[in-house]
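Residue numbers (this note's numbering): 147 to 461.
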């Protein structure tokens with residue numbers, strides 16, 4: 147079990163995963179959760195902190211506190227994405243983003259798609275230094291990726307457990323997807339809803355896929371990547387039909403992928419190198435003319451250079 151948890155991976159994979167996660171944190175602040183900054187306009191009486199917020203305890207959000215967290219987290223996440231000071235910057239980003247999520251989720255709604263991302267932020271500082279393209283293997287980095295993978299799969303499995311715990315078998319045969327389509331469905335979802343019993347079949351399929359998600363750990367690498375591809379396709383369909391985004395979860399799920407093979411900077415340099423124009427005939431015409439060398443001409447004097455072995459110096 148220990149060998150499985152600490153299976154060594156290339157350092158380049160850890161470096162790429164670190165860049166993906168910290169860049170997503172920066173994007174999350176300005177694209178997915180900028181609404182957290184509006185929480186300061188809500189009366190403080192409506193702030194009901196999560197359990198961790200009550201245990202620490204954390205202060206009630208104010209305009210100053212939220213602004214400091216936002217700008218500090220944005221700057222530190224961009225710095226951490228470069229791979230510099232992985233422990234110092236990593237722990238700082240982890241702490242600030244945790245507080246950002248506590249503020250976001252303490253007003254009555256808790257999103258379960260953040261679990262894998264939060265675990266990734268908690269374990270990445272333990273992976274140590276890693277450079278893009280480095281093929282040497284690291285067990286510390288392998289542990290960080292494995293723990294993130296477990297969190298990703300727990301998100302699926304526990305989601306199915308929650309469906310059956312609170313909804314029972316009625317969740318499978320009820321109108322869950324139908325209500326979701328009525329509330330936030332797209333034109334594609336309207337077409338799917340017209341097919342008899344298709345939504346019921348989809349609900350059975352969702353629960354089955356979530357319960358069977360741990361199988362991914364027992365598959366060989368090629369099939370494991372295929373199953374992860376299925377996970378991504380499931381979320382593409384979800385976004386295309388009921389416009390629910392699991393972006394933080396999708397970022398954490400890149401821990402399953404061989405990210406060390408993705409080298410955008412190297413690819414860009416190759417493209418730029420290929421795009422360099424070759425010398426044209428006009429350019430060749432402008433080159434200085436060279437005098438022809440006769441076969442019988444004597445070689446140029448060597449000056450202070452030593453003669454070739456076996457030949458006398460001079461003419």
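In this text, a Cβ means the ideal position worked out from N, Cα and C, and glycines have one as well.
Looking at the unbroken alpha helix (DSSP H) that takes in residue 303, where does it start and where does it end? 285-308 is the extent of the alpha helix (DSSP H) around residue 303.
Option in 217, 302, 251 and 338 with minimal Cα separation from residue 199: The shortest Cα separation from residue 199 among 217, 302, 251 and 338 belongs to 251.
Considering only residues of the same chain and omitting the five flanking positions on each side of residue 412, which have a CB-CB separation below 7 angstroms? Excluding residues up to 5 positions away in sequence, nothing lies with its Cβ nearer than 7 angstroms to the Cβ of residue 412 in the same chain.
Beta bridge counterpart(s) of residue 156 as assigned by DSSP: Answer by DSSP bridge pairing, in chain order: 283.
In three-state terms, what does DSSP make of residue 392? Of the three classes helix, strand and coil, the one that applies to residue 392 here is coil, per DSSP.
Nearest CA to the CA of residue 385: which residue from 335, 287 and 217? With distances taken between Cα atoms, residue 385 lies closest to 335.
Which word fits residue 343, buried or exposed, when buried means at least 16 other C-beta atoms lie within 10 angstroms of its C-beta? If you draw a 10 Å sphere on the C-beta of residue 343, you find fewer than 16 other C-beta atoms in it, and that means exposed.
Can you tell me whether DSSP reads residue 479 as helix, strand or coil? Any property of residue 479 remains undetermined from this structure, which presents the chain solely from 147 to 461.
Taking all protein chains shown into account, do 16 or more other C-beta atoms lie within 10 angstroms of the C-beta of residue 429, making it buried, or fewer, making it exposed? In this prediction, residue 429 has a pLDDT of 49, which is less than 50 and means its spatial position is unreliable; nothing more can be read from the coordinates.
If you compare alpha carbons, which of 284, 223 and 403 is closest to residue 149? Answer by Cα proximity: 284.
Between the C-alpha atoms of residue 316 and residue 210, what's the straight-line distance to the nearest angstrom? Approximately 46 angstroms between the Cα atoms of the pair.
Which residues in the same chain as residue 228 place their Cβ atom closer than 7 angstroms to its Cβ, once the five residues preceding and following it in sequence are excluded? Same-chain partners within the cutoff: there are none.
So, residue 159 versus residue 404, is the Cβ gap smaller than 8 angstroms? With a cutoff of 8 angstroms on beta-carbon distance, residue 159 and residue 404 are scored as near each other.
Just verifying my parser: in three-state terms, what is the DSSP assignment at residue 403? DSSP, read as helix, strand or coil, puts residue 403 in coil.
Through-space distance from residue 215 to residue 279, alpha-carbon basis: Each residue's CA atom was taken as its position, placing residue 279 and residue 215 some 33 angstroms apart.
Would DSSP call residue 188 helix, strand or coil? Shown here, residue 188 sits in coil according to DSSP, grouped into three states, outside any helix or strand.
Report the rounded CA-to-CA distance for residue 162 versus residue 270, giving the unit in angstroms. For residue 162 and residue 270, the gap between their C-alpha atoms comes out near 12 angstroms.
With respect to the alpha helix (DSSP H) encompassing residue 91, which residues constitute its N-terminal and C-terminal limits? In the structure displayed, the chain extends from 147 to 461; residue 91 sits before or after that span and is not available.
Determine the burial state of residue 364: buried for a count of at least 16 other Cβ atoms within 10 Å of its Cβ, exposed for fewer. Exposed is the call here.
Might you give, ordered along the chain, the residues of its own chain that have their beta carbon closer than 6 angstroms to the beta carbon of residue 432, omitting 5 neighbours on each side? Reliability of the predicted coordinates at residue 432 is poor, the pLDDT of 48 falling under 50, and no value is obtained from them.
Going along the chain, which residues of its own chain have a beta-carbon closer than 7 angstroms to the beta-carbon of residue 348, five neighbours each way excluded? Answer for residue 348: 323, listed in chain order.
Helix, strand or coil for residue 349? Go by DSSP, reduced to three states. Three-state DSSP puts residue 349 in a helix.
What is the DSSP secondary structure of residue 360, reduced to helix, strand or coil? Annotated three-state conformation of residue 360 is helix, per DSSP.
Would you report the Cα separation of residue 358 and residue 240, rounded to the nearest angstrom? For residue 358 and residue 240, the distance between alpha carbons rounds to 30 angstroms.
Buried or exposed (CB count within 10 angstroms, at least 16 for buried), residue 257: Burial state of residue 257 is exposed, judged by a 10 Å Cβ sphere holding fewer than 16 other Cβ atoms.
Apart from the five residues on each side of it in sequence, which residues of its chain come closer than 6 angstroms, Cβ to Cβ, to residue 282? Excluding positions up to five away in sequence, the list reads 157.
Counting Cβ pairs closer than 8 angstroms, one from the segment 184-198 and one from the segment 302-320, do we hit at least three? The segment 184-198 is not in contact with the segment 302-320.
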